[in-house]
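Written out below as structure tokens is the structure these notes cover.
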Ligand code: B12
Ligand code: SF4
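Chains as they are written, first to last, in our numbering: chain H, 681 to 1130; chain B, 373 to 686.
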């Protein structure tokens, strides 16, 4: 429930000094309410007013970051229940569990697999980014040493797990520069661990007894101590019940601005299924439904690649398909005799097609036509990839100055445009290429432009 | 005071549609809340899995890992169908009439229909017949099948704006079920349901196919259009969108590059079979969460995993 312009106006100095760039405090208040200005632009606003306004405009799900550097995981900040209503913003961190009772070979194996688990796609690097390091023996030294080994060896962001507050306290003191998530404060340990979190400035997880009421009691207590970076584990390990809770937590935060549940959540898939494949199903469920951190017992490419794809898909902004820049892309050092291929600017299509051409090692020119981010067939059906659009683009983009031949390869799925295109670029030879990008390599190896 | 959850208000429930006939007929739909939100509504019929069978040997088109479980039956669609039912406990079969494809084998409609009829006669579970999305050819095949399989209550897919007059009319005449297919668009989906209604097709005879995109290849579009259909239907009183949803998942997932790359071709992606099975499974899980009432799957291990998920969530 954001404040109205008038409510904000009442909190401003009402001097109309104009330092904020607009002539009156009222105009500034209206801009604030509309999200068109930042409070910082007014140098005269009182501390009390600042606090009140900040609290009101705070996002319904507290944004926070675990870890530092390139593996830092930012979560929270979500504002909708369904991605089509706007977009989901901060994808959940995926963590692999190791414990202090685990032998070194097993830990080393997970570290190696974690590092290898990175996939290039649509110009992004998809990878899990966290380790959950669990104390199994009550030995703070062992927990700290294992966490250090993992952090130094992988750069991963850390979740430190112990049910002994003094162990967590000691480990947090050693590792606080890495900004780990401390897991977890319960009703009994909230005071003690709240103090540790404050001292170390690390985010702190809360563990409930399987009810939301138990969670609320602890988050309220921690908030009263001045803690802001809190993460919720309800304590539930049953898939169906956890599903219901995740929905209730997100709804309470967004619909009712209910602060005690306005925090990111963590799911322990490793404790909710008996094998990695079923853990991945649990993880998949909560990638879609609202988890901010997901812990699994291991990391394997054949399981994590599909999960990372899912995370990418669910967190893609529905209002802005990812696109590639329109233009001429030289691949494998082409010259004036190299083949010319044309495709659309949907980034997925561009990356698949350019990847296949690159893999073929055949020097080629790839023309990418702006289709507003639509795939070949979708763009064709929408009238954005047809004889006319492709023809105009081929004429204007400058490729005709770069090659001596007059052949252009179109996608197999766009075969229907070939006649039209021939009319648009007279004298050119329109060649229908294969339908699937995976056949481009074979095609290019045999193809001779004329 | 104890925490009071925020309640979602619903205006309607998904219509019940029966697939097949006889003892093994399956009822889908009936849900009065968002998918699996049983804490605030009813889900009398948990979603179902249909297993995919091709009417021809998919030899060149399937990777080894997809063929492995069926290698003894791939050349014999009837044996293949029986294996799905007897060995893997399929509750619904989805027969893809690939041999009809004018861009490939282009078998005459009579031959295509004859093979499907043999399958339908050999099993007692409901059958979805999935065509090749060529209006003319699908119309020919489905018209023959509608008559030859009268009384079996087949579900015929995809019925599109361009061929609904032919296929839906045949369904209407012989009491089969229509799978109304539109390309990822709420309004088009609604529009086709209205057209079918005008033709006389009853609501309890319509299932919707929103068009499926695989994980990594457009899944997010299908996911969101299904969520939007479900919201419009259940919370905004849109009577025309209250039909159950079916998704042709296996077909879409198994044609992606990453499902087909072998261990040698893509060692960094790990074991091919597990990878492809998980791509199929996670696509299905997402679409079930978005509102699918039936998912069509290819690999028996995906079937088992998704079945387990549905059980735990129901
Ligand atoms: C996701 C999707 C959408 C998304 C858009 C996604 C996007 N960014 O483009 C949305 C929901 C917006 C959409 C809308 C529409 N869609 Co649509 N959509 C799809 C879907 C499911 C997947 C498309 C996709 O992302 N493919 C993946 C990319 C990578 O494929 P690609 O670009 O074709 O590239 C491949 C090949 O073409 C080849 N290739 C590419 N470039 C080149 C170049 C050369 C030289 C070569 C050799 C090869 C090659 O390599 C790639 C990989 O193999 C398909 C159905 C399906 N399952 O395929 C329908 C589909 C494409 N859509 C369709 C239609 C009709 C539409 C709409 C007109 C309908 C509507 N809803 O109004 C609109 C049009 C858009 C508009 N008016 O704004 C139809 C097209 C039918 C046809 N053949 O004419 C399809 C086939 C669905 C169907 N069966 O009816 N759609
Ligand atoms: S700078 Fe502050 S005090 Fe001055 S006009 Fe703007 S809002 Fe009012």
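Each residue gets a CB set at the ideal place from its N, CA and C atoms; glycine is no exception.
* Asked: Skipping 5 residues on each side, what residues in its chain have a beta carbon closer than 7 Å to that of residue 512 (chain B)?
  -> Mapped onto the second chain, residue 512 (chain B) falls at position 140. The answer, listed in chain order, is 481.
* To do: Mind the definition here: the stretch 875-890 of chain H touches the stretch 1114-1129 of chain H only if three or more C-beta pairs lie below 8 Å; say whether that holds.
  => no
* Asked: Assuming residue 468 (chain B) and residue 426 (chain B) make a contact with CB atoms under 8 Å, what is their CB distance in whole Å?
  -> As a first step, residue 468 (chain B) must be located in the second chain, where it is residue number 96. As a first step, residue 426 (chain B) must be located in the second chain, where it is residue number 54. 5 Å between Cβ atoms; contact.
* Asked: Is there at least one Cβ from chain B nearer than 7 Å to residue 681 (chain H)'s Cβ?
  -> For the purposes of this step, residue 681 (chain H) is taken as the residue at position 1 of the first chain. Only weak support exists for where residue 681 (chain H) lies, its pLDDT of 41 falling under 50; the value from the coordinates is given anyway. So, not an interface residue.
* alpha helix (DSSP H) runs wholly inside the stretch 814-862 of chain H, at least 4 long, in chain order -> 820-834, 845-855
* To do: Starting from residue 570 (chain B), follow the beta strand (DSSP E) in both directions and report where the run begins and ends.
  => Taking the first residue of the second chain as position 1, residue 570 (chain B) is located at position 198. Here residue 570 (chain B) belongs to no beta strand (DSSP E); instead the alpha helix (DSSP H) covers 558-571.
* Since I believe residue 583 (chain B) is in contact with residue 556 (chain B) (beta carbons under 8 Å), could you give me their beta-carbon distance rounded to a whole number of angstroms? => Within the second chain, residue 556 (chain B) is the residue found at index 184, counting from 1. Within the second chain, residue 583 (chain B) is the residue found at index 211, counting from 1. 5 Å between Cβ atoms; contact.
* Would the C-beta of residue 596 (chain B) count as close to the ligand B12, meaning under 6 Å from any of its heavy atoms? -> Here residue 596 (chain B) refers to the residue found at position 224 when the second chain is read from its first residue. Every heavy atom of the ligand B12 is 6 Å or more from the Cβ of residue 596 (chain B), so no.
* Asked: What is the DSSP secondary structure of residue 619 (chain B), reduced to helix, strand or coil?
  -> Numbered from its first residue, the second chain carries residue 619 (chain B) at position 247. The answer is strand: DSSP assigns residue 619 (chain B) an E or B state.
* If we cut at 7 Å on Cβ distances, does residue 996 (chain H) have a partner in chain B? -> For the purposes of this step, residue 996 (chain H) is taken as the residue at position 316 of the first chain. Yes, because at least one Cβ of chain B sits closer than 7 Å to the Cβ of residue 996 (chain H).
* Which bits of chain B does residue 957 (chain H) rub up against, with CB to CB less than 9 Å? -> As a working mapping, residue 957 (chain H) is identified with position 277 in the first chain. Correct list: 646, 649, 650, 653, 673, 677.
* Asked: Cβ of residue 1032 (chain H) within 6 Å of any heavy atom in the ligand B12?
  -> For this step, residue 1032 (chain H) is matched to residue 352 along the first chain. Yes; taking the cut-off as 6 Å, the Cβ of residue 1032 (chain H) has a heavy atom of the ligand B12 nearer than that.
* Asked: How far does the alpha helix (DSSP H) with residue 456 (chain B) in it reach, from first residue to last?
  -> Here residue 456 (chain B) is taken as the residue at index 84 of the second chain, counted from 1. Residue 456 (chain B) -> alpha helix (DSSP H) spans 449-458.
* Check the Cβ of residue 763 (chain H) against every Cβ in chain B and list those closer than 7 Å, keeping chain order. => Position 83 of the first chain holds residue 763 (chain H). Neighbours of residue 763 (chain H) on chain B, chain order: 596.
* Around the C-beta of residue 845 (chain H), are 16 or more other C-beta atoms found within 10 angstroms, so that it is buried, or is it exposed? -> What you label residue 845 (chain H) is simply residue 165 of the first chain in a count that begins at 1. Answer is buried; the Cβ neighbour count reaches 16.
* Counting contacts by CB-CB distance shorter than 7 Å, is residue 887 (chain H) in contact with chain B? -> Within the first chain, numbered from 1, the residue matching residue 887 (chain H) stands at position 207. Judged by the 7 Å Cβ criterion, residue 887 (chain H) is not in contact with chain B.
* How would you call residue 440 (chain B), buried or exposed, if buried means at least 16 neighbouring beta carbons within 10 angstroms? -> By 1-based counting over the second chain, the position of residue 440 (chain B) is 68. Classification of residue 440 (chain B): exposed, given that the 10 Å Cβ count is below 16.
* To do: Consult DSSP for residue 681 (chain H) and reduce its assignment to one of helix, strand or coil.
  => Within the first chain, the letter at position 1 stands for residue 681 (chain H). At residue 681 (chain H) the pLDDT is 41, less than 50, meaning the model places this residue with poor confidence; the figure from the coordinates comes in the next sentence. Three-state DSSP puts residue 681 (chain H) in coil, outside helix and strand.
* Asked: Expressed to the nearest angstrom, what Euclidean distance is found between the alpha-carbon atoms of residue 464 (chain B) and residue 421 (chain B)?
  -> Here residue 464 (chain B) corresponds to residue number 92 of the second chain, with the count starting at 1. Here residue 421 (chain B) corresponds to residue number 49 of the second chain, with the count starting at 1. Those two C-alpha atoms are separated by around 7 Å.
* Extent of the continuous alpha helix (DSSP H) run through residue 672 (chain B) -> Your numbering for residue 672 (chain B) matches position 300 in the second chain. Per DSSP, residue 672 (chain B) belongs to the alpha helix (DSSP H) from 672-685.
* **Host beta strand (DSSP E) of residue 773 (chain H) (start-end)** => Position 93 of the first chain holds residue 773 (chain H). Start and end: 773-779.
* Short Cβ contact (7 Å threshold) for residue 995 (chain H) with residue 768 (chain H) -> Here residue 995 (chain H) corresponds to residue number 315 of the first chain, with the count starting at 1. Here residue 768 (chain H) corresponds to residue number 88 of the first chain, with the count starting at 1. Yes, they are a contact pair.
* To do: On a CA-only basis, which of H:834, H:810, H:808, H:841 is nearest residue 824 (chain H)? Give me that one, please.
  => Residue mapping note: residue 824 (chain H) aligns to position 144 of the first chain, counting from 1. It is H:841 whose Cα lies nearest to the Cα of residue 824 (chain H).
* To do: Can you give me the Cβ contacts of residue 928 (chain H) inside the same chain, cut-off strictly under 6 Å, excluding the 5 residues immediately before and after it?
  => Residue mapping note: residue 928 (chain H) aligns to position 248 of the first chain, counting from 1. Taken in chain order, the list of residues that qualify is empty.
* **Uninterrupted alpha helix (DSSP H) stretches inside the stretch 750-804 of chain H (no shorter than 4 residues)** => 784-796
* Outcome for residue 1010 (chain H) when other beta-carbon atoms lying within 10 angstroms are tallied against a minimum of 16 -> Here residue 1010 (chain H) corresponds to residue number 330 of the first chain, with the count starting at 1. Exposed is the call here.
* Sorted by chain position, which residues of the same chain lie with C-beta nearer than 7 Å to residue 684 (chain B)'s C-beta, five sequence neighbours on each side aside? -> Within the second chain, residue 684 (chain B) is the residue found at index 312, counting from 1. Same-chain partners within the cutoff: there are none.
* To do: For residue 902 (chain H), I'd like the list of residues in its chain whose CB is within less than 8 Å of its CB, leaving aside the five on either flank, ordered along the chain.
  => On the first chain, position 222 is the one that residue 902 (chain H) refers to. These residues qualify, in order along the chain: 865, 870, 874, 877, 884, 886, 910.
* **Per-residue DSSP class, three states only, for residue 521 (chain B)** => In the second chain, the residue the question calls residue 521 (chain B) occupies position 149. Looking at residue 521 (chain B) - three-state DSSP - the assignment turns out to be coil, as it is neither helix nor strand.
* Could you say if the stretch 650-667 of chain B and the stretch 588-599 of chain B meet the contact criterion of at least three C-beta pairs nearer than 8 Å? => yes
* Asked: From the DSSP output, which residues share a beta bridge with residue 1009 (chain H)?
  -> Position 329 of the first chain, counted from the first residue, corresponds to residue 1009 (chain H). DSSP output for residue 1009 (chain H) lists H:1046 as bridge partner(s).
* **Exposure label - residue 686 (chain B); buried when at least 16 CB within 10 Å** => Working through the second chain from its first residue, we reach residue 686 (chain B) at position 314. Under this definition residue 686 (chain B) is an exposed residue.
* Taking residue 454 (chain B) as the reference, give the member of B:438, B:472, B:492 with the closest Cα. => Against the second chain, residue 454 (chain B) aligns to sequence position 82. When only C-alpha atoms are compared, the closest one is B:492.
* So, residue 932 (chain H) versus residue 938 (chain H), is the Cβ gap smaller than 7 Å? -> In the first chain, counting from the first residue as 1, residue 932 (chain H) sits at position 252. In the first chain, counting from the first residue as 1, residue 938 (chain H) sits at position 258. Taking 7 Å as the Cβ cut-off, residue 932 (chain H) and residue 938 (chain H) qualify as a contacting pair.
* Name, please, each residue of chain H whose Cβ falls closer than 9 Å to the Cβ of residue 685 (chain B). => Against the second chain, residue 685 (chain B) aligns to sequence position 313. Those are 919, 920, 923, 965, listed as they occur along chain H.
* Classification of residue 786 (chain H) by the beta-carbon crowding that lies within 10 angstroms, buried from 16 upward -> Taking the first residue of the first chain as 1, we reach residue 786 (chain H) at position 106. Residue 786 (chain H) is exposed by the Cβ-count criterion.
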